[in-house]
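There are 2 protein chains.
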Amino acid sequence: MALDPQDKPLAALVAPDILDLLEENPGAVAAETEELHPADLADVAELIPREQVPAFLAALPPARAADVLEYLNDDLRSDLLEEIPTEQAAALVSQMTPDDRADALEEMDEDVADEIVSELPAEARAETERLLQYEPNTAGGLMTTEFVSVAQDMSVDQAFDSVRALARTGRREATYAIYATDSQGRLAGVLSLRELLAAQPGATIADVARTEVVSVSPATDRQEVARITANYDLIAVPVVSESRHLIGVVTVDDIIDVIEEEQTEDIQKMGGLEALDEPYTSISFWGMIRKRGVWLCLLFVGSFFTATAMEGFEDELSRALVLSLFIPLIVSSGGNSGSQATALIIRALSLGELTQKDWWRVALRELPTGLTLGALLGLFGVARVVLWQYLGLWDYGPHYWRIGLTVGTAVVAIVTLGSLAGAMLPFLLRRFGLDPASASAPFVATIVDVTGVLIYFGVALLLLSGTLL
Amino acid sequence: MALDPQDKPLAALVAPDILDLLEENPGAVAAETEELHPADLADVAELIPREQVPAFLAALPPARAADVLEYLNDDLRSDLLEEIPTEQAAALVSQMTPDDRADALEEMDEDVADEIVSELPAEARAETERLLQYEPNTAGGLMTTEFVSVAQDMSVDQAFDSVRALARTGRREATYAIYATDSQGRLAGVLSLRELLAAQPGATIADVARTEVVSVSPATDRQEVARITANYDLIAVPVVSESRHLIGVVTVDDIIDVIEEEQTEDIQKMGGLEALDEPYTSISFWGMIRKRGVWLCLLFVGSFFTATAMEGFEDELSRALVLSLFIPLIVSSGGNSGSQATALIIRALSLGELTQKDWWRVALRELPTGLTLGALLGLFGVARVVLWQYLGLWDYGPHYWRIGLTVGTAVVAIVTLGSLAGAMLPFLLRRFGLDPASASAPFVATIVDVTGVLIYFGVALLLLSGTLL
């Protein structure tokens, strides 16, 4: 998430000084930036001229530079790691936490990433290769392998000493929680460092650990991991193998990133384009055209059917040209009600308030909702025609009441249809394994447009034949 | 977040047993449910018949029942606390963490909440009254007042003993982080419990605490708190007064709820309705009609202008009826490109990738993007007319090439306009203090519809006068 300097004056304020230092006295950069958060240093790296970034990172101690890399935007990080010598890149990524290291390597050119991995110390290499096997969108792809676990039959004092010893090694295990394992090494409980601290001397870990431990498998989808985290107010989710051995931990900071990314995807898909997968500010011109153009063309071609439907009623149009005046008004009411329904259902599905099998319950709810909203708009529709006639704003001819009723009736039907179609499309997409968020407002509107034209002329034929038609 | 039983088989599995126990042996409920997570017990409470819920809560120890209340959906919690005797309600909420207690009281009927507050123990009452002063959507409204702080000149051993003593009192301070204060009691640093544990004996807190501590003020908007949390990978954000005294801590579990809520609001607003503020599954019928109907009516009335624009061209329509066939096709292309642009900009603004002053940069980017996308669709538009003519699917008369060019040219202009309007509307709304997410797809489409009609007929007059017009 690249923030703008306005929101984060710190990076913008210190960047010029750091640039000066880099030129005059690079050896002083480390000490001068010691007090800054690595997230801010990452912002500095994104602000300063691109060609200065390698020198900036080189001026920091490796562990510090690795911290900065963890906060850097993906593209810049990949570029940097690809351009510096392999040994240097390996030295940097070996200092990153295992999950961030795997993520960084996953984003890179595969050949370069392989070279870097081969240069890693044996333990880190094995760990990284293992993490890289998991799909990035699963718990396995998110988890870190540095966590703290103790045997549940240990005394709290022993456990405390071992945690302290581990903490003093300076490794950066996720100490959000301490996991208790049984004699077979399977996950059996969880306790916080604070609970360990509070435990009475003489107790065993089994006495104080909570056994109500929520866990996921490495294959669990990251959205499900996020939902579990939110539901149980967790700050870390343990990942267990089929034999219930603890193999990793997903920490809440990564969960927040998942939630943000998933939401960005949902919103972009709901806007009727492919998810950009990178910031608006950094995607290339042609990348943007592709992400938007594909859907735009599909929707445009979909609208051909609307034109064809109109052509089918050319005869009616030529006899009652007045009907054409209300077409945009009428079809857009269906698109709008469909857009509302689809946004509601996509969000409720994503929050887990609704599941696939609730589709009929939703249909039963949207039907009266659509009818009521349609009736409301229908009244406005009748009023539009009749009032304009009364006020002398337009002359719809002697049958203006019938025209008004045609518009009103069509709106009732189209708004009901729009609400239903908008609500059902996300379920339908999910049923076929597609993302419900692809049920964008434009998609729904395109479907409703063509049926809207058919409904409108159908109603017109019913109400106006013998008079205008 | 009410999850469906399908996603959470646990609550659905145990609910029948708990119901049986409640009837036969309520005294055993506490022991039998001891191993369940309070979030699951809250799901049980939401699953069992409404009239059994008070008995279920009464069967749990007060601290446990308070935990369950924290996870319960807002409406059910308010109802329960309002219907049980005030002393009982006070006993329950006094066991909740201060931030959740304040939130629960805020959601309730004000008179009942006041009565409950007056029954709280003095300390809890003062704390609650203080928290209730803050706006719910600010850091003050989110923070808890139970945190751990130590003087920075303390030795790590002293600090450790005092943290342990505090932990053993059984109070539920947020121990995500330990805050160090200077001699004036101002926030001066932060360290994790783990860092305290790892510190060498003899060191002082000032030696080990990080001074790069990110903090917010109680008035900071909750979205900004969430952004800071995500940016710095925090699990707690300290809230300081103007004098930099620590007055509370916002914890990451509340941040996740904020992110989820804000995104639900954004998505619903982008769908063209007011944010529901409660789940789709629990909002009342008329509540739903109101949230959707207001915008739907506004948009419908907005479309009157489209009808008026059409009326202005009735003369042209009567001479070249063929023009009416492409109106839905053409105006929807503008609405679709506008929907894409507005979704992109709303999200980029919300993530902080763009700020208000970037509007002209975005405009400069959307102009060529819109033109390129428009040119692409324009080609399709020309092809639609010319191909249909060639293939004998429809006869547009001798000037079909001109008609095709009219459609194509209009599409280029309208897609460009739609992209620009969709991108600028969020900036414009924010400029006037409104939520940019209100720039919904339907809103943009309605604006683009009327201009689309004007552009289409404008182009038609240019290209077709002397032939069809």
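Taken in sequence, the protein lines are chains A and B.
Quick note: the first sequence, position 263, residue 1324 per this note's numbering, numbers continuous.
Quick note: the second sequence, position 387, residue 1448 per this note's numbering, numbers continuous.
Note that the Cβ used here is the ideal one computed from N, Cα and C, for glycine as well.
Per DSSP, which one or two residues make a beta bridge with residue i?
i	result
Thr1470(B)	Paired residue(s): none; Thr1470(B) is not in a bridge.
Leu1216(B)	What sits at residue 1216(B) in the sequence shown is Ser, not Leu. Bridge partners of Ser1216(B): Thr1265(B).
Ala1241(B)	Val1211(B) and Gly1250(B)
Val1310(A)	Thr1205(A) and Pro1299(A)
Val1274(A)	Beta-bridge pairing links Val1274(A) to no other residue.
Asp1282(B)	Thr1199(B)
Cβ of residue i within 7 Å of Cβ of residue j?
i	j	result
Thr1342(A)	Glu1414(B)	yes
Ala1502(B)	Ser1393(A)	no
Asp1510(B)	Pro1389(A)	yes
Gly1483(B)	Thr1403(B)	yes
Gly1431(A)	Val1447(A)	no
Val1476(A)	Gly1442(A)	no
Val1311(A)	Val1301(A)	no
Ile1145(A)	Val1211(A)	no
Ala1381(A)	Val1514(A)	no
Which two residues bound the contiguous alpha helix (DSSP H) that contains residue i?
i	result
Val1531(A)	One cannot answer for residue 1531(A) here, as it falls past the ends of chain A, which runs 1062 to 1530.
Leu1118(B)	Val1114 to Ala1119
Gly1373(A)	Phe1346 to Gly1373
Phe1504(B)	Ala1502 to Leu1525
Tyr1195(A)	Careful: Tyr1195(A) lies outside any alpha helix (DSSP H) and carries neither H nor E.
Gln1149(B)	Thr1147 to Ser1155
Gln1401(B)	Ile1388 to Leu1412
Leu1294(A)	Note that residue 1294(A) corresponds to Asp in the displayed sequence, not to Leu. Per DSSP, Asp1294(A) belongs to no alpha helix (DSSP H) and is neither H nor E.
Ala1126(A)	Pro1123 to Tyr1132
Arg1162(A)	Pro1159 to Glu1168
Glu1143(B)	Asp1135 to Glu1144
Ser1304(A)	Premise fails: Ser1304(A) is in no alpha helix (DSSP H) and is neither H nor E.
Ile1109(B)	That residue, Ile1109(B), is in no alpha helix (DSSP H); it is neither H nor E in DSSP.
Glu1171(B)	Glu1171 to Glu1180
Following the continuous beta strand (DSSP E) through residue i, name the residue where it begins and the one where it ends.
i	result
Gly1453(A)	Segment: none, Gly1453(A) is in no beta strand (DSSP E) and carries neither H nor E.
Gly1250(B)	Leu1248 to Leu1252
Ala1297(B)	Ala1297 to Val1301
Does chain B have any CB closer than 7 Å to the CB of residue i?
i	result
Ala1072(A)	no
Met1371(A)	yes
Arg1229(A)	yes
Gly1469(A)	no
Arg1255(A)	yes
Ser1385(A)	yes
Val1130(A)	With the sequence shown as reference, residue 1130(A) is identified as Leu, and Val is not the correct amino acid for it. Cβ-Cβ to chain B under 7 Å: no for Leu1130(A).
Leu1405(A)	yes
Glu1339(A)	no
Trp1462(A)	no
Ser1393(A)	yes
Arg1186(A)	no
Leu1064(A)	Low confidence applies here, because Leu1064(A) scores a pLDDT of 35, under 50, leaving its location unreliable; read the following figure in that light. Yes, its Cβ sits closer than 7 Å to a Cβ of chain B.
So that I know if they touch, is there some Cβ in chain A lying closer than 7 Å to that of residue i?
i	result
Gly1439(B)	no
Asp1078(B)	no
Trp1420(B)	no
Ile1296(B)	yes
Thr1206(B)	no
Gly1250(B)	no
Ile1350(B)	yes
Asn1561(B)	With chain B running from 1062 to 1530 in the structure shown, residue 1561(B) is simply not present.
Asp1068(B)	Its pLDDT being 48, under 50, Asp1068(B) is placed unreliably by the model, and the measurement read from it follows with that caveat. For Asp1068(B), the answer is yes, since a Cβ of chain A falls inside 7 Å of its Cβ.
Ile1317(B)	yes
Leu1382(B)	yes
Leu1334(B)	yes
Val1314(B)	In the sequence on display, residue 1314(B) carries Asp and not Val. At least one chain A Cβ lies under 7 Å of Asp1314(B).
Asp1510(B)	yes
Gly1354(B)	yes
His1306(B)	no
Ala1502(B)	yes
Q. For the 8 Å Cβ check, are there 3 or more pairs between the stretch 1159-1166 of chain A and the stretch 1185-1196 of chain A?
A. yes
Query raised in the report: For the 8 Å Cβ check, are there 3 or more pairs between the stretch 1119-1132 of chain A and the stretch 1149-1156 of chain A?
Result: yes
**Prompt:** Are three or more beta carbon pairs between the stretch 1100-1120 of chain B and the stretch 1076-1087 of chain B nearer than 8 Å?
**Reply:** yes
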